[in-house]
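Below is one structure, written out as structure tokens; comments come after it.
Protein chains: 2
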Amino acid sequence: MATEYIAPVEEFVFLLDEVIGPELEQADSDLSGDDVRQILDEAARFFQEVWAPLDTVGDEQGCVFRDGAVTTPAGFRQAYAAFLDAGWNSVAAPAEFGGAGLSELIGQAVREFASSSCNSLGLYSGLTNGAHATIRRNGAPWMLEHVVPFMVAGKWTGTMCLTEPHCGTDLRLMTTRARPEEDGTYRLTGTKIFISGGDHDLADNIIHLVLAKLPDENGAYSNDLSSVSLFLVPKFKVDPISGALGAANGVQVGGVEHKMGLKGNATCTLNFEGSIGYRLGRSDTGTCTSSSGMRGMFEMMNSARLGTGLQALASAQRAYTHAANYARERLAGRAGNPADRSGAPADPIIVHPDVRRLLIKQASFIEAGRALGLLVRGWLDEAGSGERARRGAVGRFLTPVIKAFFSDRAFESSNDAMQLMGGHGYIRENGVEQLVRDGRIFQLYEGANGVQALDLVLRKLGADNGVAFFSFLSMVREAGQNIGPDSSLLPHADALMAALQILEECGRWFLDDSRDAYDAGASSYDFLTMIGIFSCGYMWLLMALRAEARLRSSPQDAFSQRKLHLAQYWFDRELPMIASLKVRVQTGHACLMGLPAELF
Amino acid sequence: MATEYIAPVEEFVFLLDEVIGPELEQADSDLSGDDVRQILDEAARFFQEVWAPLDTVGDEQGCVFRDGAVTTPAGFRQAYAAFLDAGWNSVAAPAEFGGAGLSELIGQAVREFASSSCNSLGLYSGLTNGAHATIRRNGAPWMLEHVVPFMVAGKWTGTMCLTEPHCGTDLRLMTTRARPEEDGTYRLTGTKIFISGGDHDLADNIIHLVLAKLPDENGAYSNDLSSVSLFLVPKFKVDPISGALGAANGVQVGGVEHKMGLKGNATCTLNFEGSIGYRLGRSDTGTCTSSSGMRGMFEMMNSARLGTGLQALASAQRAYTHAANYARERLAGRAGNPADRSGAPADPIIVHPDVRRLLIKQASFIEAGRALGLLVRGWLDEAGSGERARRGAVGRFLTPVIKAFFSDRAFESSNDAMQLMGGHGYIRENGVEQLVRDGRIFQLYEGANGVQALDLVLRKLGADNGVAFFSFLSMVREAGQNIGPDSSLLPHADALMAALQILEECGRWFLDDSRDAYDAGASSYDFLTMIGIFSCGYMWLLMALRAEARLRSSPQDAFSQRKLHLAQYWFDRELPMIASLKVRVQTGHACLMGLPAELF
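If you read the protein sequences in the order shown, they are chains A and B.
In terms of full-length UniProt numbering, the first sequence opens at residue 1 and continues consecutively.
In terms of full-length UniProt numbering, the second sequence opens at residue 1 and continues consecutively.
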């Protein structure tokens, strides 16, 4: 039985209208708060009613591989078709390609609802949107005409093909080859694994974006990353002139993986057997370059990383709703304070402080994470220079944090939801254990979280000598300094400023020239966690400020009272962890690197 | 495919011979280190060869409920029979009942091997041992004659029946009734759920220990805990005079649960339909009292809690071995320091600091936990007065910590093993995801971990005004003060003493009369975690001391060098967390209790 799902429409309206919108220069100024609410209410109804009940079916049936093709669980085809019909696949896609052209912030809200209601089904669509964005930026004109509109409409889906059996993170080792043909196309040969949505029965065609190696001038393939390019490889051939669908393109499905969870999404092995591929990567003059293709892939990866963090958060949201309902209904024990007791033999377990701790821990992460996800999305989408460029850089800096910290905390969060249910949480029919299993993948795919931490420290912090990092700290400092002297939030702001000092010190520790080659790796993970906790603190300060303002005019506003409570939790119980994490970071690699490999 | 399992014999020999043995007044003085090694080598071979391959089978097939009875997965019957034949079920049971009469410390080593190699199969036996210990202490003479020997031999198994559909922790609410008969027996009626090993095909009989309510003098059943007694209820009747097995005793199996993991162990619903029960609880004069039965149940629970923590640790041990092997074999990236690079295009991932962090984090918890588990077991078994009684009290104080902290950290540990494997960790065939799913139960059953934290603070800390807690701190202080002035471990000892101060302050905070009714609950969980981290630090100090001594005579001793590295990790990266956790603890319930239930 699937857990109930209630989409958090009010949360998004609050964030878009009052918290994140005002932080961005160009929010959806053409949409009023009422417009937003109306769109999201409609989306909420759709995903609650049509998608949410399928989540369990997806887990129980999984995807079936037979006779070379994948069948999705019962009901997925119809629910996906209904999703396309209602326009939810293309809500944030540009109007010129058939999308609704709404902002990415609205798109992100809709994607959260999709992920919460049925993460495995939502992933087919999420990857498609990432793929057509990459093609839009890097594809040839015929692709924009004959491929992208089908993907925007969701009639065709997309994948990202990077991993091979022996190589994931280390793309240098890849062995999939792209042999140039005289007509400017390529023939791809090789095996890719872990391809989400690699095959299925939802769409008429699948557009694979495939990393493969080009031969050097002597026809040899090297271990050099510069030989890797990105190719568009359709499942069924597409005529570049007419756009007509043709024969199968030699992409054989080798099988689907048996996984811990997210079973409704087919994770495929794909064998490319001389498949025709088209190289992606467009310079301003319209010619392809290898580096622009790789850049396109990295853009897609970054977008997928943001998406992964938010998928994780969406999963935690559903678990939280279930746990909160359970805690209000399940009776056990008596309230510690006799004045809080009902007359019944036992009280609902929500009277117990440790149960509340588990719930508030979940909610305070989820709500701050949602805010941060929207803010980063907004920053990344604000093209431009000066202040906008600076914010874009901060958005890129925070992308690995959103991927890793969100997926770590979301997993912990769903586990907390399960924990609160005691033994009942372990029973499949009660639903939450599926969310735990499904949610475990988000720490692993799109670059395992340890890789995100390295990306944060080596590339995002190190590459520009910390400019993006220090810009971020400046933003937060400014927000802290803007708290009025009569605000009840001054202690929170002070705590955040103290944490900021600690982070600054740690950032400088990493940037210090004297650091050993291993220090960054040894301490990157804890640093990422610190940034995650701190960023959520920043969000809680912004949200609490709005809540305080609302309460000045409406002292009974329960929504705002709730926000102040959750903010207090974060400042009381999460932010203080930064002090101990700093000690960890600054121990460096001493305790890690001395042990010979055979002694582990 | 099951993960490989290598039983850590050398670890146990080191602990029993050199670390924990010397801390106890009566270790296995009749066994030399060589004897211990021989026994454990034999056990290791058995569990590695016979049980370890069944772990996957248990997960894939699960237990099948058909025609009112449960069938265990293929191979379980044979492997269980071989286990009995080899004598492993009764290794630590008293010789007078047919056991081998070895110490509980040896028994604990064997149980770890059993749990690591096949946790679901091991649980049938673990519960049996807990049950016959309870019967030995609280049963009538005929039970000692006709029941206990069969359980010691493993021909009959045992269960513990507490939970009902609407009540787990809150036993007051239980509705299972025991109606007294004229012949001194009782008729039990009611439904129990989540009964591990509640039915199966491994043994000739199952002895259920059942909590049920006695009527008051008017025949009425109350919500008063004092009306609850403990009953022995066999699946098949046992003639108290002859011991002959009789007809079925009206214990109907209602079904088996579909669970996240540990699927090879049947978790049953049992309906008692007028089943004959025998009340447990023996005073010195041989008569039964309700309170002694409840005490017996609590003893069984405490033993089961220790066992649960150790089951969790056993699961983490297996995941760790797999992860360490994977890290030595999987190639990706290059060592940060060029001097550490192999000539190959990529190095084994164990060269990367963040991979080592994940491994050392696992090993340093597991090895300290194993030591603490043995020490606590030893303390609990040292009957006596004075110093022995004081250590017994410390053992009882630490029991909820072993249950909750071990299961929390073991779950994290197996997840770290999975994390290190990237996407491969999520694939069922690679084995670790099963250990994660199996291991999740240990945080939930035998009292969810939040309940353990309450037990720690309210009963174990609070009941005697902290005597056991302060005794524990004194022990650790003494160990710290015994470090010689020329020891390289002085910094570790200093760090441990600083942590001790913090713990002492937190303990006094809980004991402070002015504390609100909700503060204990609000801060109990973080306090338990602090004690867990601190206790493992204590173990690392003891182990590092021995390692240091060994290295003085054998400077190349790799085993000891390894121990010093792991100790350094714990003091560098785990112990410092105590400082931030203290801040959390002392915020009390302010951020938790203000929010109305409907706003969650």
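Just so it is clear, CB atoms sit at the ideal spot from N, CA and C, and this is done for glycine as well.
- Listed by position along chain B, the residues whose Cβ is nearer than 7 angstroms to that of A:R136 form an empty set, because the closest Cβ is around 28 angstroms away.
- Below the 8 angstroms Cβ cutoff, chain A contributes G423 as neighbours of B:F194, in chain order.
- Within a 10 Å sphere around the beta-carbon of A:I241 sit fewer than 16 other beta-carbons, which makes this residue exposed.
- By the Cβ neighbour-count rule, A:A133 is buried, with 16 or more other Cβ atoms within 10 Å of its own.
- Straight through space, the alpha carbons of B:C118 and B:W51 are spaced by roughly 6 angstroms.
- Contacts with chain B (Cβ-Cβ distance below 9 angstroms) from the region 78-95 of chain A involve no residue at all.
- Between A:D408 and A:Q443, the gap from beta carbon to beta carbon is short of 8 angstroms.
- Distances from the CA of B:R177 to each of B:V147, B:A220, B:D199 and B:D183 were compared; the closest alpha carbon is that of B:A220.
- By the criterion of a C-beta distance shorter than 7 angstroms, A:A324 is surrounded in its chain by L359, once the five residues flanking it on both sides are discounted.
- Remark: fewer than three beta-carbon pairs, one from each stretch, lie closer than 8 angstroms, so the region 443-460 of chain B and the region 439-459 of chain A are not flagged as touching.
- Just measuring C-alpha positions, the residue of B:M475, B:A203, B:W570 and B:R546 sitting nearest B:L15 is B:R546.
- The three-state secondary structure of A:I441, taken from DSSP, is helix.
- Boundaries of the alpha helix (DSSP H) harbouring B:P353: P353 to D381, taken from the DSSP string.
- The criterion of a C-beta distance shorter than 8 angstroms is not satisfied by B:F527 and B:F469.
- Proximity of chain A to B:D572 at the Cβ level (cut-off 8 angstroms) is accounted for by R584, T587, A590 and C591, in chain order.
- According to DSSP, residue pairing for B:G395 in a beta bridge does not occur.
- Only residues of its own chain outside the window of five on either side were considered, and among them T71 have a CB closer than 6 angstroms to the CB of B:V64, listed in chain order.
- Only those residues of the region 150-173 of chain A whose C-beta falls short of 9 angstroms from the nearest C-beta of chain B are listed: T163, H166, C167, G168, T169, D170, R172 and L173.
- A residue is called buried once 16 or more other Cβ atoms fall within 10 Å of its Cβ, and A:R552, having fewer, is exposed.
- Residue pairing from DSSP places B:M160 in a beta bridge opposite B:L209.
- Looking from the CA of B:D55, the closest CA among B:E4, B:A44, B:R136 and B:P22 belongs to B:E4.
- Residue burial annotation: B:P400 is buried, with at least 16 other C-beta atoms found within 10 angstroms of its C-beta.
- DSSP places A:K263 in the coil class of the three-state scheme, outside both helix and strand.
- In the DSSP assignment, B:L54 falls outside any beta strand (DSSP E) and within the unbroken alpha helix (DSSP H) covering L54 to Q61.
- Within the same chain, Cβ atoms closer than 7 angstroms to the Cβ of A:M577 are found at I533, the five residues on either side in sequence being excluded.
- Separation of the CB atoms of A:W570 and A:C536 is rounded to 6 angstroms, and the pair is thereby assigned contact status at 8 angstroms.
- In the three-state scheme derived from DSSP, where H, G and I count as helix and E and B as strand, A:Y186 is classed as strand.
- Between the C-alpha atoms of A:T163 and B:R334 there is a straight-line separation of about 18 angstroms.
- B:G293 places its beta carbon less than 8 angstroms from that of B:R279.
- For A:K263 and A:S120, the gap between their C-alpha atoms comes out near 7 angstroms.
- Here DSSP, grouped into helix, strand and coil, assigns B:V91 to coil.
- Using a CB distance below 8 angstroms, the part of the region 209-232 of chain A facing chain B consists of N223, ordered along the chain.
- Only R428, E429, E433, Q434, V436, R437, R440, I441, Q443, L444 and Y445 from the region 428-446 of chain A bring a Cβ to less than 9 angstroms from some Cβ of chain B.
- In this chain, A:V147 is not harboured by any alpha helix (DSSP H), its DSSP state being neither H nor E.
- Spatial neighbours of A:D347 in its own chain (CB-CB distance under 7 angstroms, excluding positions within 5 residues in sequence) are listed in chain order as L331, G333, R334, A335 and R341.
- Pairing A:M301 with A:Y445, the inter-Cα distance amounts to about 11 angstroms.
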